[in-house]
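Its first residue numbered 0, the sequence shown is counted upward by one per residue in numbering that gives the first Met the number 0. Heads up, the thing below is written out as structure tokens.
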Amino acid sequence: MGRLLGVQISEETVRRLTEQMGSALEQAQTQEAQAPFQEAGATVCIPEKRAFSADGAMVGLVHGEWAEVRTLVIGEVKEQTSAKKKRCKQEPRVVDVSSFSRLVDAETFCQLAEVEMRRRHVLEAKEVCAVMDGADWLQEFIDVHREDATRILDFPHAAEHVTCLLEALVKAGYTFPAQMLERSLSILKQRGPSFLLSRIDRLPSSLLQQNGIREHVGYLRKREALMQYPTFLKRGLPIGSGMVESANKLVVEARLKGAGMRWERKNVNKMLPLRNGVCNDRWQATWQEAGAAVRQQQKQQRERRRKQREEAKLLTCDPRLLESPPLPPKAEPAPPRLPAAPPATLPGSSRPSAHHPWKRSFLPS
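Written out as structure tokens, the structure is:
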């Protein structure tokens, strides 16, 4: 608090204020994620290429429990050119990175992450790539938020399975040159997975069904379309997992996995929105959003208390005052009006008409 806000307060006050602001911000972001989508204004500058990735990191809870904090990372793709050879392109770099983290299940995280996807205008970006590992929940995440995104299996995960496969083949009795792993990874990166998979297909089927080999072969075959690294690099798309790995270390591990730290589950999500604000270089904006959320909650609480007081007053009033007054009796219909008497004089003259009283007979006929 002293570094970010320039104030000195007690540790207990810091804890209480952090929980209050973090909880309010978490609820506000949840409501924003559930709100209808609105198109970006004409003044908003949307980059040509966006990249996003997601992963999880384990956090220690009280009573020896461990839970996974999921993190979404979004950035802008920038192509790099070698300074010595301007025509030689280097691997693309992801800049202006932001993150969103929650301790929830995969389905809930997919819904809540909508708030950051909207803020970074991922839906409006012209070209989007998703660089992730091969987990099924991540593929569903892409289906929900940007189904047309270019799906890329991050190269370190592919390299990990190639390494494990070669080690399993060595245990099975195969021998390889000293530089076999480096050559295999170079081929995978420069020529794609088809060459390696064709060499794997030449192995005996009985060998491919052995435990420790079958899993890695199936993993690579299932994700062949996600390992077209020459095509991805040619299009200026990143293939590494650096941005999400950095976010896991900076957002989660550096703050929530200190020595001896054990968290109450309910307090993790109160801390994460504020931590994201610090790591995203948006602390001032994040604190203002949290303050606005707290004021909105206080306003709603005052409104609820006002209604409760009004209801309590009604309950203490005389019940007869709450009854509706009796309706007045219905008015009786007026008697029918008699017809008007005929005129006594002729129209336009003073001569008596046939109905003049002087001309009436006094004796009955």
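By construction, the Cβ of each residue, glycine as well, lies at the ideal position given by its N, Cα and C atoms.
Bridge partner(s) assigned by DSSP for residue i
i	result
Ile73	Phe51, Ser97
Ile151	Val130
Val68	Ala56
Arg234	Paired residues: none, contrary to the question.
Arg92	Lys77
Thr344	Pro351
CB contact flag (residue i, residue j, <8 Å)
i	j	result
Ile212	Leu255	no
Met372	Val293	Beyond the ends of the chain as shown, which are 0 and 364, falls residue 372; an answer cannot be given.
Glu31	Val114	yes
Arg222	Leu152	yes
Leu24	Ala53	no
Ala157	Phe51	no
Leu236	Pro192	no
Ala66	Arg274	no
Cys109	Val143	yes
Pro272	Gln28	yes
Ser352	Pro342	yes
Ser183	Leu195	yes
Gly55	Met260	no
Phe36	Arg101	no
Ser245	Pro155	no
Arg49	Val127	yes
Ala171	Leu206	yes
N-terminal and C-terminal residue of the alpha helix (DSSP H) that residue i is part of
i	result
Leu273	264-278
Ala157	154-170
Val61	Run containing Val61: none; DSSP gives neither H nor E here.
Phe36	Unbroken run through Phe36: none, as it is neither H nor E.
Asp135	135-144
Ser205	204-207
His215	213-221
Gln300	282-315
Leu249	Here Leu249 belongs to no alpha helix (DSSP H), and DSSP marks it neither H nor E.
Arg118	113-118
Met179	179-190
Arg201	Taken as a continuous stretch (DSSP letters only), Arg201 belongs to no alpha helix (DSSP H), as it is neither H nor E.
Residue burial classification, residue i (beta-carbon count within 10 angstroms, cutoff 16)
i	result
Thr315	exposed
Ser349	exposed
Phe175	exposed
Trp262	buried
Glu288	buried
Phe99	buried
Arg119	buried
Val216	buried
His62	exposed
Ala333	exposed
Lys306	exposed
Met270	buried
Ile238	buried
Pro91	buried
Asn210	exposed
Ala112	buried
Leu326	exposed
Thr285	buried
Val6	exposed
Asp135	exposed
Leu313	exposed
Ser9	exposed
Ser22	buried
Residue range of the unbroken beta strand (DSSP E) whose run includes residue i
i	result
Met131	126-131
Quiz item: Taking three-plus beta-carbon pairs below 8 Å as touching, is the segment 223-231 in contact with the segment 40-54?
Solution: no
Quiz prompt | Contact the segment 245-261 vs the segment 271-290: 3+ CB pairs below 8 Å | solution = yes
Quiz item: Should the segment 138-154 be called in touch with the segment 96-111, which here means at least 3 C-beta pairs below 8 Å?
Solution: yes
Exercise. Report yes or no: do the segment 120-138 and the segment 94-102 share at least 3 C-beta pairs separated by less than 8 Å?
Key: no
Quiz item: Using 8 Å as the Cβ pair cut-off and three pairs as the minimum, do the segment 67-76 and the segment 146-154 touch?
Solution: no
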